[in-house]
Structure formats: structure tokens, C-alpha cells
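Before any comments, here is the structure.
Residue numbers (the working numbering): 723 to 1075.
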């Protein structure tokens, strides 16, 4: 017997909130119960979905009584909204990062625990089949012991991107918190926890209060080292968004953006190319390398994330990224910002979530 659709509300109706609404209305397993946003432009767009639109979160929750809510507001608002939801036993899908501070993240984790609700943090890239297949390749041992990782996130943001004030001011703005949280979360998901981070940043190109270019060096608990080069102010094909073709807003290409190096081989993402010697006896730079390529059936990770969230609400699955996991990714992001501020390496401690 088919179960009734899950009633979902959305708080925050910018670009990502609108995308969530489109996915919900196209999925028979869930139902859009209501939308909340204070921006008249967003509210005007919300009207096309034919559901109640509110300015006040509390009124939305008390009137529509959703089973679950998607929080897609600016980062600094996440904790307060999540607490409201948790107190009414409403399950939560919260956009990344989980909050703009560890204090906010801890509030969310505590509220969810105290009220027995599930939190799924919207690190949607983990749901991408390309990412899942890469994780399998790394965990299979076919590359040997992982020694190094190189990640690129280099692109040119549109001119109007930073017209939204919250994107270019602290504490919630800047590409590290808004964008690189994805790369840092995937580094943890694919390669394990990070022991130390050292980051340098520049705002010379845009001359805003937040960085536009970064170089990040990391040491993993496994002993492997990693580097992330990031800039949102350069015409470049080397970014996750463009190379995975995940987001139609980005002009696509067939380049790679991540490289993984092991003692037995290397691996590229998202082209899924594995390089290694042709035999165990032919080992060394004087011998040729062979390349093989994994074929992956692609899927929309945001759609897969929504389907997973519905199963979480029905208690059929545990969250792939729960509140504590999301808080650990936030801790890594904040360590990057702390390293930039101190101009020194920062150790990540066992006391973090």
C-alpha cells in the first residue's frame, strides 16, 4: 500500500529554494505545503506553485504543520530556524554549511537530539554517482595507499553575484563558506579526516571584505597531503560545477577538477580515468602507463538527495550527512578561515564534533 506523500515546506526561496520546490512538485513521494521568504521578488515567484506563502517562519510551521522543512536561508539564520522546526518535531534538510559558526552548528545538533528529529545537511554532491564511484575506487585499494590529492575550483562568478550583501561580508559570506565547503566536505568524504590545514588568501582582484582567491594545504589523518586552489575571479574550465555538468547554469566542459594519487595508480575526477603501470614487473618512470575509464550513469544529486530525505523522514534510512557530520565539515571550513587570519597552520582537534 502506497504511503501518503510527505508534506514539506521551504524556508528561504532564493535560487536553491526554488530548485527544491521544482523537485518537490515533480516527485509523487512528497508534497509542497508552504513557502516562507521575506523578499517580495522571491514571494512573487513562489506564487506560481499554488501553495501558501508566508513572511514569518513560525506562522508557516504552525499553520501548515509540515512533516519536514528545507532551510535554504543565508547561513547566519540556519540555527534559529532549525531550533523552531525541532521544537515542533519537524525533520530538517538544511543547506550547507550547517551554520556560520560552531556555536550555531552545536545548537542545531542539540535541538535535533533533544526533540528526536532528523537533520540532513545539504552536501548534495555526496549523492552524485560520480562522487560515489570515486569513493568506491579510493576505498577499493586499487590505487594503493593514497599519498596526495589536488583539487581545483577556479571560475568566474557573474558580475551581479556579489550584489547580495550577505555574500560579501562576514561572518556568512565569501567563497570559503559558500562554495569551498563543498570541496572540503568531499575531501573528508572521499579521503578521510583532516589533521592540519594551512591557508593563504587574497582579495586583490575584487577588493571586497571577503577573499576571492585561496591556496589551501592540508594534511590528512592517513598521512596523505592535499591541496586546494580556488578562485572565483578567473575565466577557467576547472571547477566541479562545469566539469560534472551537474548544474545547467554553468557552461560544461570535459576537463577534470580533482586528482588523486596513490602508490599503485592515480585517478581523475570527473572523467574517472585510472592511470597505472601495465604490470607489477614494469614499475618506474621508464615504463609506459595504461589508462582505463569507469563508465558512470549520471543522475541529478539534488533529486537523489530529496529522495533520500524522504526515506530519512520515514525512518527507512539514516542521513548520509547528519548534523554532527555537517558540523565537522564546518569545523574544517572555519579552520581554513582561522589559518588565513592567523597566517599560520591550524590543527583540527579531537574535541570537534
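Just so you know, even glycine gets a beta-carbon here, dropped at the ideal spot from N, CA and C.
- Between the C-alpha atoms of residue 933 and residue 798 there is a straight-line separation of about 18 Å.
- Assignment of alpha helix (DSSP H) within the region 911-966, counting only whole runs of 4 or more residues, yields 962-966 in chain order.
- By the CB criterion at 8 Å, residue 771 and residue 783 fall outside the cutoff.
- With contacts defined by Cβ atoms closer than 8 Å, residue 903 and residue 1043 do not form a contacting pair.
- Collapsing the DSSP output to three states places residue 742 in a helix.
- Residue 895 carries a coil assignment under DSSP once its states are collapsed to helix, strand and coil.
- Beyond the five residues adjoining it in sequence on each side, residue 740 comes within less than 7 Å, by CB distance, of 767 in the same chain, given in chain order.
- Cα atoms of residue 919 and residue 818: separation of roughly 20 Å, rounded to the nearest angstrom.
- Taking the Cα positions, residue 940 is about 19 Å away from residue 857.
- Pairwise C-beta distances place the region 827-841 out of contact with the region 963-976, as fewer than three of them are shorter than 8 Å.
- Around the Cβ of residue 985, a 10 Å sphere holds fewer than 16 other Cβ atoms; the residue is exposed.
- The DSSP assignment places 841-844, 868-876 as complete runs of the beta strand (DSSP E) inside the region 837-896, in order along the chain (cut-off: 3 residues).
- Counting other Cβ atoms within 10 Å of its Cβ, residue 875 reaches 16 or more and is therefore classed as buried.
- Below 8 Å, too few C-beta pairs join the region 836-853 and the region 1008-1015 to call them touching: fewer than three.
- Taking residue 1050 as reference, the option from 924, 910, 928, 1025 with the minimal CA-CA separation is 910.
- Here residue 979 carries a coil assignment [DSSP, helix/strand/coil].
- Residue burial is scored here from C-beta neighbours: residue 887 has fewer than 16 other C-beta atoms within 10 angstroms and is therefore classed as exposed.
- Annotation for residue 924: 935 place their beta carbon closer than 6 Å to its own, counting only its chain and skipping 5 residues before and after.
- Taking 8 Å as the cut-off, the beta carbon of residue 852 is found no closer than this to the beta carbon of residue 791.
- Sorting 926, 974, 956, 955 by C-alpha distance to the C-alpha of residue 964 places 974 at the top.
- Remark: three or more beta-carbon pairs, one from each stretch, lie closer than 8 Å, so the region 867-874 and the region 944-964 are flagged as touching.
- Of 927, 921, 849, the smallest CA-CA separation from residue 912 is found for 849.
- For residue 756, the enclosing beta strand (DSSP E) stretches over residues 752-758.
- The straight-line gap separating the alpha-carbon atoms of residue 725 and residue 992 is approximately 37 Å.
- Cβ neighbours of residue 1070 within its own chain (closer than 8 Å, five residues either side excluded): 915, 916, 917, 918, 919, 1053, 1054, 1057.
- Using a Cβ distance threshold of 8 Å, residue 994 and residue 855 count as a contacting pair.
- Around the Cβ of residue 1066, a 10 Å sphere holds fewer than 16 other Cβ atoms; the residue is exposed.
- Of the candidates 998, 999, 958, 958 places its Cα closest to the Cα of residue 979.
- Bounds of the beta strand (DSSP E) holding residue 817 are 813-817.
- Contact check for residue 794 against residue 733 passes: the beta carbons are separated by less than 8 Å.
- Sequence-distant Cβ neighbours of residue 826 in its own chain, meaning closer than 7 Å and more than five residues away, are 800, 801.
- Assignment of residue 801 by DSSP, reduced to helix, strand and coil, places it in the helix class.
- Here residue 1059 has 898 as same chain residues with Cβ atoms under 7 Å from its own Cβ, once five neighbours each way along the sequence are excluded.
- When the five nearest sequence neighbours on each side are left out, the beta carbons in the same chain lying within less than 6 Å of the beta carbon of residue 846 are those of 1023, 1024, 1027, in order along the chain.
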